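Asker: Residue numbers (the working numbering): 15 to 278.
From the three backbone atoms N, C-alpha and C, an ideal C-beta is built for every residue, glycine too.
These numbers come from a predicted model, not from an experiment.
#1: With a threshold of 6 Å on Cβ separation, who are the neighbours of residue 214 within its own chain once the five nearest residues in sequence on each side are excluded?
#2: Pull the bridge partners of residue 56 from the DSSP assignment, please.
#3: Suppose you measure from the CA of residue 134 to the CA of residue 61; what does that come to, to the nearest Å?
#4: Compute the distance between the beta-carbons of residue 71 and residue 109, then report whether it is under 8 Å.
#5: For the candidate residues 276, 234, 199 and 122, whose alpha-carbon lies nearest to that of residue 248?
#6: Report the three-state DSSP secondary structure of residue 106 (helix, strand or coil).
#7: Specify the secondary structure class of residue 169 as computed by DSSP and reduced to three states.
#8: Just to confirm, is the Cβ distance from residue 128 to residue 233 under 8 Å?
#9: How should residue 244 be labelled, buried or exposed, when 16 other C-beta atoms within 10 angstroms of its C-beta is the threshold for buried?
#10: Tell me, to the nearest whole angstrom, how far the beta carbon of residue 197 is from that of residue 177; I am working on the premise that it is less than 8 Å.
#11: Using the beta-carbon count (16 or more within 10 Å), is residue 264 buried or exposed?
#12: In this structure, how does DSSP classify residue 250 when only helix, strand and coil are distinguished?
#13: How many Å lie between residue 143 and residue 54 at the Cα?
Given below as structure tokens:
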């Protein structure tokens, strides 16, 4: 399990900001795609997406989301974005959507936002509030809390999905041989991160795209549609579980590339 002292983004496909910039110059300056995973996942959840993006000539950075608290996670990502020279397409999955919404506010190089079965919170809204806004989420009954001491000394809880329930809850359309590994390697999120209200969201000023996963049991599809419509995002729907980046990587890469093609 990763800790909060992650020194730099964990890079799927071994691409960091510096090498991404180099790649961009050799690929006709295509925008750099930065991918941000959500709770109960890690950067390897983007592997299939990364393969297609790189095959199509896009430089990619997959950030290791700390999953400790929304404001802190967004600040961490904002520093990574500041290290990148050139236009960025910023994509987030699940809770990663809340993180990119906060982190991109005021980040001039972020030219497009892509939400993959993700939260698009308004100022003050939390992931917990949005996931419960419409019926359909069964996540709460699958969670296993582990008491922890937070960096400030206060008491909190790390949340895991029970390994025996992980496949059906998180990734029902992914082979169990894969979800068995995902369940073991899942990254916990603090309950505080899911309960923290968002700051002013970047989707109000940055063009946004949304992929709705219609079989999602974490974030109800109705909630995903509500947030997409509110943000006036360009939206596609895919029959997939919450783990759509694993089960449908081509569809995820396609919407990211649609966003990227608008960046100049």
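Answerer: Taking the geometry as given:
#1: As a first step, residue 214 must be located in the chain shown, where it is residue number 200. Within the same chain, Cβ atoms closer than 6 Å to the Cβ of residue 214 are found at 119 and 137, the five residues on either side in sequence being excluded.
#2: Taking the first residue of the chain shown as 1, we reach residue 56 at position 42. According to DSSP, which records beta bridges pairwise, residue 56 is partnered with nothing at all.
#3: One-based indexing of the chain shown puts residue 134 at position 120. One-based indexing of the chain shown puts residue 61 at position 47. Residue 134 and residue 61: Cα-Cα distance of roughly 23 Å.
#4: Counting from 1 along the chain shown, the entry for residue 71 is found at position 57. Counting from 1 along the chain shown, the entry for residue 109 is found at position 95. Cβ distance not < 8 Å, so residue 71 and residue 109 don't count as in contact.
#5: Position 234 of the chain shown, counted from the start, is the residue given in the question as residue 248. Taking only the C-alpha atoms, the option nearest residue 248 is 276.
#6: For the purposes of this step, residue 106 is taken as the residue at position 92 of the chain shown. In the structure shown, residue 106 sits in a strand (DSSP, three-state: E or B).
#7: In the chain shown, the residue the question calls residue 169 occupies position 155. Strand, per DSSP.
#8: Walking along the chain shown from the start, residue 128 turns up at place 114. Walking along the chain shown from the start, residue 233 turns up at place 219. Result no, Cβ atoms of residue 128 and residue 233 do not sit closer than 8 Å.
#9: The residue labelled residue 244 in the question sits at position 230 within the chain shown. In summary, residue 244 is exposed, with fewer than 16 beta-carbon neighbours lying within 10 Å of its beta-carbon over all protein chains present.
#10: Along the chain shown, one-based indexing puts residue 197 at 183. Along the chain shown, one-based indexing puts residue 177 at 163. Yes, they are in contact, since the Cβ atoms of residue 197 and residue 177 sit about 4 Å apart, within 8 Å.
#11: Position 250 of the chain shown, counted from the start, is the residue given in the question as residue 264. So residue 264 ends up on the exposed side.
#12: As a working note, residue 250 is residue 236 in the chain shown. Strand.
#13: Taking the first residue of the chain shown as 1, we reach residue 143 at position 129. Taking the first residue of the chain shown as 1, we reach residue 54 at position 40. Distance between the alpha carbons of residue 143 and residue 54: 18 Å.
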